Each structure stands twice: as C-alpha cells, then as structure tokens.
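Each remark here refers to the structure printed beneath this line.
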Amino acid sequence: MNVVLGVGGGIAAYKAAELVRLLQERGFSVQVVMTLAAQEFVRPLTFAALTGKKVITELFASEGGEQVLASAVEHIRVAEEHEMMVVAPATADLLARFAHGLANDFLTTLYLAFTGPVVLAPAMNTHMWLHPATQANVRLLRERGHTVMEPEEGPLACGMTGPGRLPEPQRIAAVVHALAGKQRDLEGETVLVTAGPTEEPIDPVRFISNRSSGKMGYALAQAAAARGARVILVSGPVNLIEPYGVRVVRVRTALEMRKAVLEHLEEATIIVKAAAVADYHVARVPEHKIKKTAMRLSLELEPTPDILAEVGQKKGDRLLIGFAAETENLVAEARRKLESKNCDMVVANLVGPEETGFGADENEVTLVMRTGEVVRLPRASKLEVAGAIFDHAVRLRLALHAAQ
Ligand code: CTP
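Our numbering applies: residue 61 is where the sequence shown begins, and numbers increase by one.
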C-alpha cells in the first residue's frame, strides 16, 4: 500500500524518519511531503535517503529564475497514487489549515485533493493543543472521518509537561496498519457491534447506568469499517463522534438495545457485544418524579434479558464475540461466559486499573477462544486492540470451519 507522509514543522519532525522506517517494515511504500517549516528542522535529504524517492517540498518549482508550477497536476497525481495520508507531526497550524480547507502549499493542496483515509498525529505545546481553537479544529477533522490521534503526555521541548508530545512512531505505525485494511479481509461481512452503557430509568429524571465510555465498541466499529465490512453500531448513550462510514443505531435501555440487536441479527455475519448492558432495571418506573421524604427508599430491580445469551441461542454459524469485565479470575470467568452464552470468543479485561478500564484510551485484554486457545494481547490503544481482535476473529473462523 502506498502512503503519503506529510511532515509538519515541529521539533518532533525528526521522529518522522523513524516512522518512515516502521511503515516500510510493515510493507508500506512511503512518499514524503514536507512543509517549508519542516525543512527548518530536518533536511529533505534524510527522507529521500530513507525512501529512495524525491521528497516533495513545494507547490512551485523555480526554473531558470522563474517560478513555475512544479507540475500543474502534481498534487492530483500524488493524491491518486496513494491510498492513505498520514501527517506527523501535525502542527496546530496544519490542523487549522486542514480543518478550514486552506490550500497554500503542497501538503494542504494535496489534502484537499485526497479522498482516502487520513491519520493525523499532532505535536505541539500543551496550551496550543488545549486551546479552544485547536480543539474545535480537531473536532471538525474527526467529524470529517479523519483519525486525529491524541498527543502523548510528558515533558515537552518548550519545558512544559502535559499533552502535546508526538505519539510514539510505533503507535502511529500501528494505527496506520489498523486503518489500512491491508487485506480488506472483512469485505462482504456485516459486523454488528454494540457499545457503551445502557441507562435504566428510575423515574422521569433519574437513571441507573455504569462507567462504560463506549470507546472500545466505537474502535471496533471503526476498525471493522476500515477492513471493508459493512458495520452497524448499536450504541448506548455516549459522548463520542460517530465513526466514519458506520451506521449508528442509538438506544438507551437494555430492552431497546435487545430490540435493535435482534432487528439486525439476520443480516449480521459477525456480532461483537462490547456494550456494558445493565443487568437489572427498575421493575416499575413511576410516571412522575420520586419526591424526597424522611423515609428509606427501596427500588425493586428485576433482571434485564441477557442479550448476548439470547444471540448465542440464535446465532447459527455467525461468529459471536462477547466481552467480560472482571475484577478477579479473568480467564476462568471468561470461559464460563463463553460456554454459558455460546460465544466463539470472549474478550476479557480486568476492570479497576484506571489506564485500561472504563473511559481509558488504552486497553489490555485476554482473548478466550472456543478452540481453547487463550491469547493475552499487549496493552495498546483501543483501536490497535480492536484490530488485533479482528485478526484473531478471522483466524478463529477459519479454524472453526476447518474443524466442522
Ligand atoms: N450482556 C448482554 N446483556 C446483558 C448483560 C450482559 O448482552 N443483560 C453482555 C455484554 O454485552 C458482554 C457480556 O454479556 O458482552 C458480559 O457482560 P458482563 O457484565 O461481564 O457479564 P454478565 O453476564 O453480566 O455476568 P456477571 O455480572 O456475572 O459478571
């Protein structure tokens, strides 16, 4: 796959050289485009030597003292010849120019002419990153379907400590890999994903819910779409941007989620139940707000239907992936759920550690398979974990078919 790598003008520009190497190791062919500011930090020759290709540095080339358009359609040619665009480091200025469609150099002109997936790895001072202008631009770019990575936290070149460091090249390469859909191995599949918590009303103004952010389910939907699947995402109430190219069905309660899942079950070939469904709901929800009194108040809860178990009964030869959030006995509990709910795979994670639990951007999970195989995945971003889950799902299905 051909990737065009835009290098912006930041101190982290030198790290783009490492990224080139990592992308090449993963089989990508890389064409580098540098902004004028980037050339203040790294010489184009570095990238030319690494890629064996001339680095594109300007929209206009000088010829005999006269400025001529490098090639009137060069940016169109580069846009057409590359399947993915990656920008690292993406400066605040570049994010702003991309967001607002300015096209005053080669990279920004190329961006407008480019129709494939875009990955942006920002790097800048913490205040610049957190500035409402930058955050608004990031939101715009994400709404447009681009992957804007979160910068890492740590000491910055400017002396501050906070978010703003370029994500490690390893992580950028992994995200590119996850989104590249290199094999398009989910083409022809319909993947049904559930995500987020459910909200169970207590009265018209109160509800019971849980700490699920929906990030894992949304990452799964994004990864499946990137690999060519048609994706239906049944989502509980979350505060996330809808993944590009995914059909989102919004629900609130466990009962609504069950209805939406059963409605789309027929067309699904792979079902991933990442949602944290409430196990109980209030038996009788009063029509009016419950008033405070000096008395104790008891709520009578009744079990909600177990959607995963029900799908397990009806699944036929669909691949069914459940989740298990546990505080102890991870693998044993996951196995028990795999058997009792008739899943093909259970993705188990220990809840508790802040950095990999609910709401976190990273996850560390263990996959328990119907074949008896247990795979512990390394801690990584939820998008990378989602990619690894589908890698194993594809393999597992082949193994299950071979065993039939
Ligand atoms: N699940 C579901 N419907 C429910 C409850 C859970 O579909 N009413 C699904 C979740 O989407 C998840 C899996 O079941 O894929 C496991 O959820 P978890 O809360 O870990 O397990 P429970 O079955 O609720 O078991 P326990 O409370 O004993 O851990």
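Each residue gets a CB set at the ideal place from its N, CA and C atoms; glycine is no exception.
These numbers were taken from a predicted model, which means no experiment stands behind them.
Helix or strand or just coil, what does DSSP make of residue i?
i, result
"M317", "helix"
"Q230", "helix"
"V267", "Going by the sequence as given, residue 267 is Phe instead of Val. It is a strand residue."
"K401", "coil"
"V308", "strand"
"F158", "helix"
"A498", "This structure does not reach residue 498, given that the chain is present from 61 up to 464, and the question cannot be answered."
"L239", "helix"
"T186", "helix"
"G66", "strand"
"I350", "coil"
"V391", "helix"
"A408", "strand"
"L322", "helix"
"A72", "helix"
Hey, could you find the ends of the alpha helix (DSSP H) residue i is sitting in?
i, result
"L82", "75-85"
"P149", "Segment 144-150 is the beta strand (DSSP E) holding P149; no alpha helix (DSSP H) there."
"F107", "104-111"
"G277", "275-286"
"A98", "98-101"
"V138", "134-141"
"T169", "166-173"
"R455", "442-463"
"E118", "From DSSP, E118 is part of no alpha helix (DSSP H); its letter is neither H nor E."
"L368", "367-374"
Straight-line CA distance for residue i to residue j?
i, j, result
"V80", "E386", "39 Å"
"P297", "V425", "24 Å"
"V342", "R266", "11 Å"
"N62", "K401", "43 Å"
"E140", "V306", "24 Å"
"I449", "R457", "12 Å"
"L111", "V93", "A quick correction: the sequence has Thr, not Leu, at residue 111. Approximately 12 Å between the Cα atoms of the pair."
"E316", "A384", "21 Å"
"F107", "A238", "24 Å"
"R318", "L154", "44 Å"
"G412", "R455", "30 Å"
"K375", "E323", "13 Å"
"L325", "N197", "37 Å"
"Q84", "G66", "15 Å"
"A261", "D339", "The residue asked about is misnamed: residue 261 is Pro in this sequence, not Ala. Distance between the alpha carbons of P261 and D339: 13 Å."
"V435", "L200", "37 Å"
"A328", "R287", "16 Å"
"M405", "T431", "9 Å"
"P192", "S358", "44 Å"
"A159", "A217", "26 Å"
"A408", "L390", "7 Å"
"G277", "F166", "36 Å"
"T258", "V332", "16 Å"
"A76", "T313", "45 Å"
"G222", "S441", "19 Å"
"Y74", "E228", "12 Å"
"E45", "K352", "Any question about residue 45 goes unanswered here, given that the chain covers just 61 to 464."
"R204", "L246", "23 Å"
"G219", "Q230", "24 Å"
"A98", "T194", "20 Å"
Less than 6 Å separating the Cβ of residue i from some heavy atom of ligand 3?
i, result
"L368", "Ligands present in the displayed structure are limited to ligand 1, and ligand 3 is not among them."
Measure the beta-carbon distance from residue i to residue j and round it to whole angstroms, keeping in mind my assumption that it falls under 8 Å.
i, j, result
"L226", "P149", "5 Å"
"L427", "C403", "Their Cβ separation, rounded to whole angstroms, is 11 Å, which puts L427 and C403 out of contact at 8 Å."
"A279", "A446", "4 Å"
"A255", "A335", "6 Å"
"G70", "T186", "In fact, because the Cβ distance is near 14 Å, the residues do not count as touching under 8 Å."
With respect to the beta strand (DSSP E) encompassing residue i, which residues constitute its N-terminal and C-terminal limits?
i, result
"N197", "Where N197 is concerned, there is no enclosing beta strand (DSSP E), although the alpha helix (DSSP H) it sits in stretches over 192-203."
"R290", "290-295"
"E213", "212-215"
"L252", "250-255"
"G222", "221-225"
"L361", "361-363"
"R436", "434-436"
"I330", "330-333"
"V93", "89-94"
"M429", "426-429"
"V342", "340-342"
Cβ pair count under 8 Å reaching 3, the region 137-147 against the region 157-171: yes
The region 387-397 / the region 346-356 touching (three or more Cβ pairs under 8 Å): no
contact_flag[the region 207-214, the region 174-183] where n(CB pairs < 8 Å) is 3 or more: yes
The region 239-257 touching the region 290-310, judged by at least three CB pairs closer than 8 Å: yes
The region 363-378 contacting the region 267-278, beta-carbon criterion three pairs below 8 Å: no
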